[in-house]
Amino acid sequence: MKITLNVWRQRDASSEGSFETHQLDDVSPDMSFLEMLDVLNRRLEAEGKVPVAFESDCREGICGVCSLMISGQAHGPESGTTTCQLHMRSFKDGDTIFVEPWRAKAFPVIRDLVTDRSSLDRVIQCGGYVSVNTGSVPEANSVQVAKENADKAMDAAACIGCGACVAACPNGSAMLFTAAKLAHLSLLPQGKPEHERRIKRMVEGMDAQGFGACTNHGECQEACPKLISIEFIAKMNRDYIKASLLPEHTSSELLKAQ
Amino acid sequence: MELNARIPAGPIEKKWDKHRFEMKLVNPANKRKYSVIVVGTGLAGASAAASMAELGYQVKSFCYQDSPRRAHSIAAQGGINAAKNYQNDGDSIYRLFYDTVKGGDFRAREANVYRLAQVSVNIIDQCVAQGVPFAREYGGLLANRSFGGAQVSRTFYARGQTGQQLLLGAYQALERQISAGRVKMFPHTEMLDVVVAGGRARGIVVRDLKTGRITSHAADAVVLATGGYSPVYYLSTNAVGCNVTATYRAYRRGAGFANPAFTQIHPTCIPVSGDHQSKLTLMSESLRNDGRIWVPKEKGDGRPANQIPESDRDYYLERRYPSFGNLSPRDVASRAAKERCDAGYGVGPGGLGVYLDFADAIQRHGRKVIEERYGNLFEMYQRITDENPYEVPMRIYPAPHYAMGGLWVDYNLMSTVPGLFVLGEANFSDHGANRLGASALMQGLADGYFIIPNTIGDFLARNAPGGISEDAPEFAAVTDEVQQRLNRLVSLKGRRTVDSFHRELGKIMWDRCGMGRNAQGLREALQRIPALREEFWKDAIVTGEKEDYNQSLERAGRVADFLEFAELMCLDALNREESCGGHFREEYQTAEGEAQRDDQNFCHAAVWEFKGAGNAPQRHIEPLNFEYVQLTQRSYK
Chain A
1 MKITLNVWRQ
11 RDASSEGSFE
21 THQLDDVSPD
31 MSFLEMLDVL
41 NRRLEAEGKV
51 PVAFESDCRE
61 GICGVCSLMI
71 SGQAHGPESG
81 TTTCQLHMRS
91 FKDGDTIFVE
101 PWRAKAFPVI
111 RDLVTDRSSL
121 DRVIQCGGYV
131 SVNTGSVPEA
141 NSVQVAKENA
151 DKAMDAAACI
161 GCGACVAACP
171 NGSAMLFTAA
181 KLAHLSLLPQ
191 GKPEHERRIK
201 RMVEGMDAQG
211 FGACTNHGEC
221 QEACPKLISI
231 EFIAKMNRDY
241 IKASLLPEHT
251 SSELLKAQ
Chain B
259 MELNARIPAG
269 PIEKKWDKHR
279 FEMKLVNPAN
289 KRKYSVIVVG
299 TGLAGASAAA
309 SMAELGYQVK
319 SFCYQDSPRR
329 AHSIAAQGGI
339 NAAKNYQNDG
349 DSIYRLFYDT
359 VKGGDFRARE
369 ANVYRLAQVS
379 VNIIDQCVAQ
389 GVPFAREYGG
399 LLANRSFGGA
409 QVSRTFYARG
419 QTGQQLLLGA
429 YQALERQISA
439 GRVKMFPHTE
449 MLDVVVAGGR
459 ARGIVVRDLK
469 TGRITSHAAD
479 AVVLATGGYS
489 PVYYLSTNAV
499 GCNVTATYRA
509 YRRGAGFANP
519 AFTQIHPTCI
529 PVSGDHQSKL
539 TLMSESLRND
549 GRIWVPKEKG
559 DGRPANQIPE
569 SDRDYYLERR
579 YPSFGNLSPR
589 DVASRAAKER
599 CDAGYGVGPG
609 GLGVYLDFAD
619 AIQRHGRKVI
629 EERYGNLFEM
639 YQRITDENPY
649 EVPMRIYPAP
659 HYAMGGLWVD
669 YNLMSTVPGL
679 FVLGEANFSD
689 HGANRLGASA
699 LMQGLADGYF
709 IIPNTIGDFL
719 ARNAPGGISE
729 DAPEFAAVTD
739 EVQQRLNRLV
749 SLKGRRTVDS
759 FHRELGKIMW
769 DRCGMGRNAQ
779 GLREALQRIP
789 ALREEFWKDA
799 IVTGEKEDYN
809 QSLERAGRVA
819 DFLEFAELMC
829 LDALNREESC
839 GGHFREEYQT
849 AEGEAQRDDQ
859 NFCHAAVWEF
869 KGAGNAPQRH
879 IEPLNFEYVQ
889 LTQRSYK
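Which chain is which? The protein sequence lines are A and B, in order. Sequential numbering of the first sequence, starting at 1, is according to my numbering. Sequential numbering of the second sequence, starting at 259, is according to my numbering.
Here it is as C-alpha cells:
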C-alpha cells in the first residue's frame, strides 16, 4: 500500500505546530497503525532526523497511552478500537491520512503527538477510589453483589483513561471519563458509603482541571475504544443533583432515612 | 556475596506469623520520619507505595509511563489465584503451595511460596473492598475458573481484564495517598541508577523524560518493582517500554541477579505475521479451558482447518497428557507446540502455529456463553488477524512473556544490598523455573500489600532515619556516571538504528536462549552478543538532545542495557546443566522429551555477582531445601 501521511509536528506547548508530509510506499495491510509510524520513524532516524514523538506501550489496547486523532477521528475510523489495535487494512491504497495529537485545553502538547493527560489522574485524586486501607477489610464473599450490578460496574470500569472522549468532545469535556469511574464505584456496595462526597468532589475537580461541560453531542461515546455508554453521564447528572441538594455532613444519613 | 535467605525456623504454616511477631516495629509517631522510594507502579509497586503511605511512611513513587495507571500489569488478562476453596473442590493453602512448587519444577523457596499461598486469600478480600468488579454468579457470590497447572478452580477474574481491574484498584489506592500528600508521585520519570552509600541503598538517580533533566533522590530505603525483561527477545507479549535497566543497574551496584535464564515462553500468543511486527499479543491462557489445541496428523496438510475431519487431527496435549490435557502448565504446552512445529506439523505461514479450536465448546455451550467468557479476546484476535475465531480455529504460537529470574531477595524481599528491596516480577520470585497461570498478579499484590509493609519496618527500625541527602558525594558520583553514559549515547551518530540492534539481539536470544537451549548455541550467543554490543557503541544512531524529550535516547539506553544483560542470561543458561521448567537444555531430557532435572547438582538458585565491567561475573548458589514437597519428576499425564 502507498500512504501519504500528514503528521503534526510541534516543539512544545508554547511553540506553534504544523503538518509535515511523508510518503510511505511499502505499507503492509497487516501492520498496525503504530507499526506504520515505526517504519516512518526508523527511516527518519536513518536520515539523521528526529523521529515523530508519539506514545505507545502495551500495544494491545489496554494501557490507554496511545492516542492520535486520525483524519479527524480519535483512535481512527474503527469503532471500539485503540490506535495500537487499528490495522492498515482499514485504509485504502493511496489514502492520505492526517495525524494529530489530542486537542483539548486540559491536555497541553508535550511534543508532536504527545500530550500531558495528568489532569485525568488529578480528577481521580478527587475521590475516584474507595477509602479503605490495606488490611482491615471483610471477607470477600461476606457481601453479595447482584451479577447485573457487577457486570454493569465492569462495563464502566473498562475505561482505559486514554482521553479520546475529551479529544472528541467539542467542549473538551471529561464527563464520560468521570461518569464511568463514578458509576463503577457507586454500583458496588463497597463504593456506596462515600458516594455523595465523591460525586461532588470529582465534578468540582473536573471543572478545576479545565475540562469543559457536556452539551449532549455524544461524540465521546462514539470515540470511546471501550464503547462506554453516555448513559453513565445521565446517571452522574442525576446523582449529582441528588447529592448537591444535601448538605455534605448529613447527606448519607438522610439518604439512609429515605 | 553472602546469601542468607533469613527463612524463619519452625513449621511452614507458622513461619510467617512467627516472623511478623519477631520483626522489629517502627512506632506510629516515628514512621513519618522515614522516607521510602518505590520505583514502578504496577501491581507490586502501586500496592506497596499505597500501603506504606497508609502506615505513615513518606513515600516517593516513580514510573516511566505518563501515569501510574499504565504500568504493564494492566495487560494481564486471565485472572488471579487464591486458595479460597469457594468451589468446594478440594483447594487449600497447602494445595496452592504444592501446585506452585511443583509447577515451578522445584526451583523455588518453599517458605516464600507457602507465605504467598497464605496471603492469597487476603488479596481477594482487599481487592473486593476496593471495588474491583470481579465476575460473580447469579447468587451474588464470586465466580471462579480453572487455569493451567491446577485441577481446582481457584482463579478469580474480571472478564478478560483482570490485571487492569486489579491495577486500577491499586492505582486508586495510590492516588488516594497522593491526594492526602503522603505519596509524592513522579510520572514520566525513569530510574537510571541506584546510589549505594555506607553499604546501604540510599537513593536513586532518575531522568525526567519530559525535560531530560537528571535529578537524584535520597531515602531510607529503596524498593524496586520494575517488572520483567522479556523484551530482551525484542518480540514479546510485554509492553514495548518494559526494560531491564532498573534491575540491571542495581545488579551492577551489588545486588545479586538470580536465575536470569528462567524465562517463560507463553503457549497461547498470536503468531508473528511479518518483519514489521513490534510486539506479540497474548491470548489468555483461560482460553484453554474451552479451546482444544491440535495440529493435522498429516505433515503439510494444506486443507482449511474446518475441512480436516476429526480422525485426521492430533490433539497432542490431550494425547500426551491425558489428565491435564489442554490445561497442562505453560512450559509443557509451549514445548509441545514447538515439538510439533519443528517436526513439520505446524499450521499457518511458515508452519509456526497450532490451532486453538472452539468449535466443540460453541456446540456444547452455545455461542452466547463463549462470547460472554471470551468476547473481548475473540474481538482482539479478529482485529489483529482479520480471521473470525467463532468460525475458524485460532492460530497460536508460543512467545516470551514473563521472567521468573530477577534480583535475588531474602525472606524479607531484600536484595544483597541492604535497604534495597525488590518486589513482583523484578525479584527472582516464588515461581521457580516456571510460573503457573494467574500467579503473577497474586505475587505482585502479595509482595506489595502484605509483605513489604511488614518487612520494611524491621529494616527501618534497625536504622535511624535520615543521615544522608542528595548533596552527599555518593550521589554526585553516580549522577556523574549517568551523565557520562547519556553523553556517550547521545553522541552516537552511526549508520544503524537502535531498533535494528534490538531486533538482532532478540533473534540471537530467541534462537539460542529461547524455548530450547544447548551448550553450542549458548556459546555462540556468548560470542555474538559482545560483538553486537561493540558495534552498537560504534555504529548506532541516536538523534536529538540529551536535555530534552527524546524517545530515541530513551530506547537507546534500554537497548544498551539489554545488550549487556543478555550475556548474563546466556551464561546462566549455559551453567545450569539440567532442564527445569522453562529452562529446557536439549542435552538434558527424558526419553519422552520431558525436562530432566538434576537435583543432585542443581537444586539451587544461581545468583550472579557483578565483578566489574569486562570481568566475568561470579556464580553463587542458594541451596533449596524441600522439607514438605517431595522432589519428583513432574508429571501431568
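We put the CB at the ideal spot given by N, CA and C, even for glycine. Predicted model only: the values in this text are computed from it and were never measured.
Isoleucine 160 of chain A classed as buried or exposed, judged by whether at least 16 other C-beta atoms fall within 10 angstroms: Translated into the one-based positions of the first sequence, residue 160 of chain A becomes position 160. Under a 10 Å Cβ-count criterion, isoleucine 160 of chain A is classified as buried, with 16 or more other Cβ atoms of the shown protein chains found around its own Cβ.
Determine, using beta carbons only, whether alanine 28 of chain A comes closer than 7 Å to chain B. Against the first sequence, residue 28 of chain A aligns to sequence position 28. In the sequence as presented, alanine is not what sits at residue 28 of chain A; that position holds serine. Cβ-Cβ to chain B under 7 Å: yes for serine 28 of chain A.
Could you tell me whether any Cβ in chain A is nearer than 7 Å to the Cβ of tyrosine 660 of chain B? Locating residue 660 of chain B in the second sequence gives position 402, where the first residue counts as 1. No - not a single Cβ of chain A is within 7 Å of the one on tyrosine 660 of chain B.
Would alanine 824 of chain B and valine 490 of chain B be called neighbours here (beta carbons separated by less than 7 Å)? What you label residue 824 of chain B is simply residue 566 of the second sequence in a count that begins at 1. What you label residue 490 of chain B is simply residue 232 of the second sequence in a count that begins at 1. Yes, these two residues count as a Cβ contact at 7 Å.
Consult DSSP for methionine 154 of chain A and reduce its assignment to one of helix, strand or coil. On the first sequence, position 154 is the one that residue 154 of chain A refers to. Helix at methionine 154 of chain A.
Does DSSP put methionine 88 of chain A in a helix, in a strand, or in coil? Taking the first residue of the first sequence as 1, we reach residue 88 of chain A at position 88. It is helical.
Pairwise C-alpha distance: glycine 406 of chain B and proline 647 of chain B: Along the second sequence, read from residue 1 onward, the residue named residue 647 of chain B stands at position 389. Along the second sequence, read from residue 1 onward, the residue named residue 406 of chain B stands at position 148. Taking the straight line from one Cα to the other gives about 21 Å.
What is the residue span of the beta strand (DSSP E) that cysteine 527 of chain B lies within? Residue numbering aside, residue 527 of chain B sits at position 269 when the second sequence is read from its first letter. Residues 521-527.
Using a C-beta cutoff of 7 Å, does isoleucine 233 of chain A count as contacting chain B? As a position in the first sequence, residue 233 of chain A is number 233, starting the count at 1. Chain B, which has no Cβ nearer than 7 Å to the Cβ of isoleucine 233 of chain A, makes this no.
Taking its Cβ as the centre, do 16 or more other Cβ atoms sit within 10 Å of proline 138 of chain A, making it buried, or is it exposed? Taking the first residue of the first sequence as position 1, residue 138 of chain A is located at position 138. Exposed, because fewer than 16 other Cβ atoms sit within 10 Å of the Cβ of proline 138 of chain A.
N-terminal and C-terminal residue of the alpha helix (DSSP H) that aspartate 451 of chain B is part of: Along the second sequence, read from residue 1 onward, the residue named residue 451 of chain B stands at position 193. Careful: aspartate 451 of chain B lies outside any alpha helix (DSSP H), inside the beta strand (DSSP E) at 447-455.
So, does the CB of serine 325 of chain B fall closer than 7 Å to a CB anywhere in chain A? Locating residue 325 of chain B in the second sequence gives position 67, where the first residue counts as 1. At least one chain A Cβ lies under 7 Å of serine 325 of chain B.
If we call anything under 7 Å between Cβ atoms a contact, is valine 974 of chain B one with tyrosine 356 of chain B? Because chain B in this structure spans residues 259 to 895, residue 974 of chain B falls outside the shown range and cannot be described.
With 7 Å as the threshold, decide whether the Cβ of glutamine 394 of chain B is near any Cβ in chain A. Along the second sequence, read from residue 1 onward, the residue named residue 394 of chain B stands at position 136. The sequence as given places arginine at residue 394 of chain B; glutamine does not occur at that position. Arginine 394 of chain B counts as touching chain A.
Do the segment 324-332 of chain B and the segment 299-310 of chain B meet, that is, are 3 or more Cβ pairs less than 8 Å apart? Yes: the two stretches touch, three or more of their Cβ pairs being nearer than 8 Å.
Comparing alpha-carbon positions, which option in B:Glu597, B:Ala311, B:Val317 lies nearest glutamate 850 of chain B? Along the second sequence, one-based indexing puts residue 850 of chain B at 592. Residue B:Glu597 is the option with its Cα nearest to glutamate 850 of chain B.
Helix, strand or coil: which one does DSSP assign to lysine 804 of chain B? The count along the second sequence starts at 1 and reaches residue 804 of chain B at position 546. Three-state DSSP puts lysine 804 of chain B in coil, outside helix and strand.
Could you have a look at valine 75 of chain A and say whether DSSP puts it in helix, strand or coil? Here the question's residue 75 of chain A lines up with position 75 in the first sequence. Going by the sequence as given, residue 75 of chain A is histidine instead of valine. The answer is coil: DSSP assigns histidine 75 of chain A none of H, G, I, E or B.
Any chain B beta carbon closer than 7 Å to leucine 185 of chain A: As a working note, residue 185 of chain A is residue 185 in the first sequence. Chain B, which has a Cβ nearer than 7 Å to the Cβ of leucine 185 of chain A, makes this yes.
Quick one: list the residues of chain A neighbouring methionine 638 of chain B, beta-carbon separation under 9 Å, in chain order. Here the question's residue 638 of chain B lines up with position 380 in the second sequence. Going along chain A in sequence order, the residues near methionine 638 of chain B (Cβ under 9 Å) are Glu60, Gly61, Gln85.
Please check if any C-beta of chain A sits within less than 7 Å of the C-beta of glycine 802 of chain B. In the second sequence, counting from the first residue as 1, residue 802 of chain B sits at position 544. At least one CB atom of chain A sits nearer than 7 Å to the CB of glycine 802 of chain B.
Residues of the segment 103-114 of chain A with Cβ closer than 7 Å to any Cβ of chain B, in chain order: Residues Ile110, Arg111.
When you compare each of B:Lys291, B:Ala267, B:Arg290 to glutamate 280 of chain B by their alpha carbons, which one comes out closest? Indexing the second sequence from 1 puts residue 280 of chain B at position 22. Closest option to glutamate 280 of chain B, Cα to Cα, is B:Ala267.
Span of the alpha helix (DSSP H) around glycine 244 of chain A: Along the first sequence, one-based indexing puts residue 244 of chain A at 244. First, the residue type needs correcting, since residue 244 of chain A is serine and not glycine in the sequence shown. Unbroken alpha helix (DSSP H) run through serine 244 of chain A: 231-244.
Measuring CB to CB, does phenylalanine 54 of chain A end up less than 7 Å from leucine 120 of chain A? Within the first sequence, the letter at position 54 stands for residue 54 of chain A. Within the first sequence, the letter at position 120 stands for residue 120 of chain A. Taking 7 Å as the Cβ cut-off, phenylalanine 54 of chain A and leucine 120 of chain A do not qualify as a contacting pair.
Give the DSSP-derived three-state secondary structure of phenylalanine 759 of chain B in the structure shown. Reading the second sequence from its first residue, position 501 is the one you call residue 759 of chain B. If DSSP states are grouped into helix, strand and coil, phenylalanine 759 of chain B belongs with the helices.
Can you give me the C-alpha to C-alpha distance between valine 390 of chain B and glutamate 568 of chain B, rounded to a whole angstrom? On the second sequence, position 132 is the one that residue 390 of chain B refers to. On the second sequence, position 310 is the one that residue 568 of chain B refers to. Taking the straight line from one Cα to the other gives about 42 Å.
Please look up how many angstroms separate the CB atoms of glycine 499 of chain B and aspartate 57 of chain A, rounded, as I've assumed it's under 8 Å. Residue 499 of chain B sits at position 241 when you count from the first residue of the second sequence. Residue 57 of chain A sits at position 57 when you count from the first residue of the first sequence. With a Cβ gap of about 5 Å, glycine 499 of chain B and aspartate 57 of chain A count as contacting.
Taking the beta strand (DSSP E) that aspartate 857 of chain B falls in, what are its first and last residues? In the second sequence, residue 857 of chain B corresponds to position 599, counting from 1. Aspartate 857 of chain B -> not in any beta strand (DSSP E); alpha helix (DSSP H) instead, spanning 857-860.
Tell me the DSSP secondary structure of leucine 185 of chain A in three-state form. Numbered from its first residue, the first sequence carries residue 185 of chain A at position 185. The answer is helix: DSSP assigns leucine 185 of chain A an H, G or I state.
Per DSSP, serine 319 of chain B is paired with what? Taking the second sequence and counting its residues from 1, the one referred to as residue 319 of chain B is at position 61. Serine 319 of chain B pairs with B:Val296, B:Met443.
By Cβ distance, which residues of its chain are closer than 8 Å to cysteine 527 of chain B, with the 5 residues on each side in sequence left out? Translated into positions along the second sequence, residue 527 of chain B becomes position 269. Cβ within range, chain order: Thr495, Leu538, Thr539, Leu540, Met541, Ile654, Tyr655, Pro656, Ala657, His659.
Mapping DSSP to helix, strand and coil, what is alanine 213 of chain A? Taking the first residue of the first sequence as 1, we reach residue 213 of chain A at position 213. In the structure shown, alanine 213 of chain A sits in coil (DSSP, three-state: anything other than H, G, I, E or B).
Straight-line Cα distance separating asparagine 808 of chain B from leucine 254 of chain A: What you label residue 254 of chain A is simply residue 254 of the first sequence in a count that begins at 1. What you label residue 808 of chain B is simply residue 550 of the second sequence in a count that begins at 1. Low confidence applies here, because leucine 254 of chain A scores a pLDDT of 49, under 50, leaving its location unreliable and the question unanswered by this model.
How would you label phenylalanine 19 of chain A, buried or exposed, when you count the other beta carbons within 10 angstroms and need 16 or more for buried? Counting from one through the first sequence, the residue named residue 19 of chain A turns up at place 19. When all chains shown are included, phenylalanine 19 of chain A counts as exposed.
Kindly list, in the order they appear in chain A, the residues whose Cβ is closer than 8 Å to that of aspartate 383 of chain B. Stepping through the second sequence from its first residue, residue 383 of chain B is reached at position 125. Those within 8 Å of aspartate 383 of chain B in chain A are Val137, Pro138, Glu139, Ala140.
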